[in-house]
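Residue numbers (this note's numbering), protein chains in the order written: chain A, 3 to 157; chain B, 166 to 349.
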């Protein structure tokens, strides 16, 4: 699965964004890999590999649930990610805050903001989510406003 | 809070953390061996098993065609109808392809599958309960009280198995839908 190794960051970021703890993350990541493996045969190369991976990973994450809700006493993956991925304290704090705000969004809004954060074009976001380009732009504007408002009201 | 600052931080993050590499390698090899099943596979398996159960029901009723033809015909029609509906559900679940559909389509398709399952359950109960009662009375009439007890035991066991299977499938779909309903 070279495709997975080459795009590991993308898949990890999607799963981290939807996971609530380490177990959830592992379940999600496994499900995403299994769906990629199943869908590989039908990939015709009509879109970029990253778009195809985004579509598969996001669809898996928004429709996934855990049969048993295992409440982990560990740090949430979001905190963990912030600790592990940021190389300085200020940035870790900033990322933790971002995760907290994004976790309040609905699943589809999360998908849109996630792709925007990853600097995907509006057309690509529209292709993956199934909304029109204009609809994506409107939703993004609202999401960003909501993130800023929530961030400001909490501080 | 500056959203563009956050965007820059997000893009400069180095994922994944190193300690995950070993897990990923093992997971990849399991996926490649086909030993990892997806949620779609599990839901599909439930629908397929219910279809097989209906075929078994049809076969079980065949010996009764001689002694109780009306009962056998009604029961076989019921099992055939339910079997076809479950098979259709199975095909719909198998046709779910998360690699090809948009996020919006995935949400709507999952919602539709759940709605149809709820309708199918209602139809199954509306037809199945009177049929089960009719079956009990007919068999008692034909073969005596001992058969009634056997029949009732069968109904109870069948109902318990049916409820467990149904609970599993419904909880899977309901949780999926509850997460998605706000998007519809």
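Just so it is clear, CB atoms sit at the ideal spot from N, CA and C, and this is done for glycine as well.
Being a predicted model, the structure only gives us computed values, none of them experimental.
Which residues bound the alpha helix (DSSP H) around residue i?
i, result
"residue 261 of chain B", "It is not in any alpha helix (DSSP H) - residue 261 of chain B carries neither H nor E in the DSSP assignment."
"residue 111 of chain A", "109-119"
"residue 269 of chain B", "268-308"
"residue 124 of chain A", "124-131"
"residue 26 of chain A", "24-41"
"residue 9 of chain A", "Premise fails: residue 9 of chain A is in no alpha helix (DSSP H) and is neither H nor E."
"residue 1 of chain A", "Residue coverage of chain A in this structure runs from 3 to 157, which leaves residue 1 of chain A outside it and unanswerable."
"residue 222 of chain B", "204-226"
"residue 177 of chain B", "168-177"
What residues in its chain sit with their C-beta under 8 Å from that of residue i, if we drop five residues either side in the sequence?
i, result
"residue 323 of chain B", "none"
"residue 333 of chain B", "211"
"residue 201 of chain B", "192 and 195"
"residue 69 of chain A", "Low per-residue confidence applies at residue 69 of chain A: pLDDT is 48, beneath 50, and the placement is therefore not dependable enough to give any value."
"residue 167 of chain B", "none"
"residue 285 of chain B", "247, 250, 251 and 254"
Does the beta-carbon of residue i have 16 or more other beta-carbons within 10 angstroms, so that it is buried, or is it exposed?
i, result
"residue 307 of chain B", "exposed"
"residue 144 of chain A", "exposed"
"residue 314 of chain B", "exposed"
"residue 293 of chain B", "buried"
"residue 71 of chain A", "Bear in mind that a pLDDT of 46 at residue 71 of chain A, under 50, signals an unreliable position, so the number given afterwards is only what the model happens to contain. Exposed, since its Cβ has fewer than 16 Cβ neighbours within 10 Å."
"residue 73 of chain A", "Because residue 73 of chain A sits at a pLDDT of 41, beneath the cut-off of 50, its placement in the model cannot be relied upon, and the following sentence gives the value as read from the coordinates. So residue 73 of chain A ends up on the exposed side."
"residue 13 of chain A", "buried"
"residue 329 of chain B", "exposed"
"residue 126 of chain A", "buried"
"residue 15 of chain A", "buried"
"residue 271 of chain B", "buried"
"residue 51 of chain A", "exposed"
"residue 326 of chain B", "exposed"
"residue 140 of chain A", "exposed"
"residue 55 of chain A", "buried"
"residue 23 of chain A", "buried"
"residue 249 of chain B", "exposed"
"residue 18 of chain A", "buried"
"residue 41 of chain A", "buried"
"residue 169 of chain B", "exposed"
"residue 311 of chain B", "exposed"
"residue 119 of chain A", "buried"
"residue 43 of chain A", "exposed"
"residue 147 of chain A", "exposed"
For residue i, which residues of its own chain have a beta-carbon under 7 Å away from its beta-carbon, when the five flanking residues on both sides are left out?
i, result
"residue 33 of chain A", "62 and 66"
"residue 230 of chain B", "237"
"residue 57 of chain A", "130"
"residue 251 of chain B", "212, 215, 216 and 219"
"residue 317 of chain B", "301"
"residue 107 of chain A", "115 and 145"
"residue 45 of chain A", "54"
"residue 128 of chain A", "134, 135 and 138"
"residue 132 of chain A", "none"
"residue 7 of chain A", "none"
"residue 289 of chain B", "247"
Return the chain-ordered list of same chain residues with a C-beta closer than 6 Å to the C-beta of residue i, the five sequence neighbours on each side being excluded.
i, result
"residue 222 of chain B", "244"
"residue 320 of chain B", "297"
"residue 278 of chain B", "257"
"residue 137 of chain A", "none"
"residue 265 of chain B", "none"
"residue 109 of chain A", "64"
"residue 226 of chain B", "237, 240 and 241"
"residue 209 of chain B", "255, 258 and 259"
"residue 103 of chain A", "149, 152 and 153"
"residue 31 of chain A", "17"
"residue 37 of chain A", "58 and 62"
On a Cα-Cα basis, can you pick out the residue from the options that is closest to residue i?
i, options, result
"residue 193 of chain B", "A:39, A:22 and A:30", "A:39"
"residue 331 of chain B", "B:216, B:303, B:169 and B:174", "B:216"
"residue 174 of chain B", "A:50, A:24 and A:96", "A:96"
"residue 205 of chain B", "B:302, B:260, B:288 and B:283", "B:260"
"residue 134 of chain A", "B:311, B:269, B:310 and B:284", "B:269"
"residue 111 of chain A", "A:98, A:5, A:60 and A:45", "A:60"
"residue 299 of chain B", "B:325, B:235 and B:311", "B:235"
"residue 152 of chain A", "A:122, A:139, A:101 and A:124", "A:101"
"residue 246 of chain B", "B:326, B:304 and B:291", "B:291"
"residue 287 of chain B", "B:267, B:335, B:276 and B:262", "B:335"
"residue 197 of chain B", "A:142, A:4 and A:121", "A:4"
"residue 10 of chain A", "A:20, A:35 and A:25", "A:35"
"residue 305 of chain B", "B:267, B:233 and B:281", "B:233"
"residue 171 of chain B", "A:123, A:98, A:20 and A:105", "A:98"
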